[in-house]
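Single-structure report; data block below.
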Amino acid sequence: MSTQKNTDFFERVYEVVAKIPLGKVTTYGAIANFLGVGGSARTVGWALNSSIMTQQPTLPCHRVVNRLGQLTGKIHFGLGVMEHLLRAEGIQFTADDTVDLNAHFWNPADQLEK
DNA sequence: CAAGTGACTAGTG
DNA sequence: CCACTAGCCACTT
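If you read the first sequence in the working numbering, its first letter stands for residue 76, the second for the next number, and so on.
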């Protein structure tokens with residue numbers, strides 16, 4: 076089944092991120108693990124970086140944070156934009172640049188189990 | 001083709 | 001949780 080591997084990886088990330096429910100957040104590792112790559116959480120972030128260049132307004136990349144809930148991606152997204160969007164969706168912050176993962180963590184696998 | 005870079009994670013102290 | 005190290009994969013040069 077390894078018909079495709081790299082190029083489609085981007086679209087898979089787009090699919091998962093696009094399915095993140097409003098008011099929920101997920102982590103790079105969760106997406107990577109769901110896609111079957113596991114250790115390549117960095118590549119997930121790189122895919123989102125490309126998404127900004129290709130379909131920025133279409134993809135809620137602001138709902139994707141690192142394992143600590145920190146808005147690491149805001150650097151490329153817009154320093155104040157990411158936090159503003161999350162707060163507007165009802166996300167709670169434990170710190171200036173950190174969301175409450177304990178309250179809003181969403182697993183991509185939940186989309187399939189339910 | 002080799003080396004460098006990066007929106008990460010897990011392990012150790 | 002902080003600081004440092006190693007591993008990971010895809011992209012760029």
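Glycine included, every Cβ here is placed at the ideal spot set by N, Cα and C. Computed from a prediction, not measured in an experiment: that's the story for all the values here.
Span of the beta strand (DSSP E) holding T169?
-> F168 to A170
Which class does Q79 belong to by DSSP, given the choice of helix, strand or coil?
-> Low per-residue confidence applies at Q79: pLDDT is 49, beneath 50, and the placement is therefore not dependable, though the value from the model is reported in the following sentence. Three-state DSSP puts Q79 in coil, outside helix and strand.
Taking Q122 as part of the alpha helix (DSSP H), name the residues at either end of that continuous run.
-> Sequence check: residue 122 is Ala here, not Gln. Looking at the DSSP string, the run of the alpha helix (DSSP H) that includes A122 is A116 to Q130.
Once you ignore the five residues that flank D172 on each side, which residues in its own chain have a CB closer than 6 Å to its CB?
-> Q145 and L146
Check whether the Cβ atoms of V140 and T102 sit closer than 8 Å, and answer yes or no.
-> yes
Helix, strand or coil: how does DSSP classify T102 here?
-> strand
Give the DSSP bridge partners of Q145, in chain order.
-> T173
Going straight from the alpha carbon of R117 to that of F84, what length do you get?
-> 12 Å
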